[in-house]
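Below is one structure, written out as structure tokens; the observations come after it.
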Amino acid sequence: MSVDPSDKPRNETEHERLDRQLMELLQGFRVATTGVQVLFAFLLTVPFSASFDTKVSELGRALFYVALFGAGFASVCFIAPVIQHRILFRLGQKALLIRRANRFGIAGAFALGVSMTAATTLVVQSLSDEAAATAATIVVAVLLCGWAWFVQPYLTRRRAEGRARKTEDL
Numbered sequence: 001m002s003v004d005p006s007d008k009p010r011n012e013t014e015h016e017r018l019d020r021q022l023m024e025l026l027q028g029f030r031v032a033t034t035g036v037q038v039l040f041a042f043l044l045t046v047p048f049s050a051s052f053d054t055k056v057s058e059l060g061r062a063l064f065y066v067a068l069f070g071a072g073f074a075s076v077c078f079i080a081p082v083i084q085h086r087i088l089f090r091l092g093q094k095a096l097l098i099r100r101a102n103r104f105g106i107a108g109a110f111a112l113g114v115s116m117t118a119a120t121t122l123v124v125q126s127l128s129d130e131a132a133a134t135a136a137t138i139v140v141a142v143l144l145c146g147w148a149w150f151v152q153p154y155l156t157r158r159r160a161e162g163r164a165r166k167t168e169d170l
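First residue of the sequence shown? That's 1 in the UniProt record's numbering, and the numbers climb one at a time after it.
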């Protein structure tokens, strides 16, 4: 595994680097958690609307459950590193916490993407036709969440790792 090039020029100790990385991760989770909380709160109110039972098809109910449980899972993933940090405080486990937080963040983003896609598809399906719902699913899942959250950073990571390997070979 190569060292992050942005970390090399910094004049910081290993402990300071771990502190910075953990704070950067937790700050990112604060942003993501706010979005998940808004979506989750909305989803928790939907079944109590007067027309939910009469207007939503069986497919719509399935989409609702996928969206609801996806948002719940994303919430758990984005909150878990904070709780683990509190429990493992001062035990010298910061590097472990950062690795776990990174994994939780990726899992949470995936769950959030699934939830957002299902919720969007449900709304579009309720207001329009099947073709529009399918198009909304593709746009949200593949183009927005898939590309922006996963594919683009993965491709960037591969290019950066390839450049780092070439530099190491010199």
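All C-beta atoms, glycine included, are put in the ideal place defined by N, C-alpha and C.
Keep in mind the model is a prediction, meaning the values are calculated, not measured.
Rounded to whole angstroms, A41 and S57 show a C-alpha spacing of 22 Å. I98 counts as buried, since no fewer than 16 other beta carbons sit within 10 angstroms of its beta carbon. Note that the segment 77 to 85 touches the segment 14 to 34; at least 3 beta-carbon pairs, one per stretch, sit closer than 8 Å.
In this model, L96 and L127 are separated by some 46 Å (Cα to Cα). L68 is the residue among F48, L68 and A62 whose C-alpha sits nearest the C-alpha of M116.
Approximately 4 Å separates the beta-carbon atoms of K94 and L18; this is inside 8 Å, confirming the contact.
The distance from the Cβ of V124 to that of A133 is about 5 Å, consistent with a contact at the 8 Å cut-off.
Counting along the chain, the unbroken alpha helix (DSSP H) around D169 starts and ends at Q152 to D169.
Per DSSP, the unbroken alpha helix (DSSP H) holding S126 starts and ends at K94 to L127. Ranked by Cα distance from G28, the options G105, Y65, S75 and Q37 are led by G105. In this chain, the alpha helix (DSSP H) harbouring E16 covers E14 to T45.
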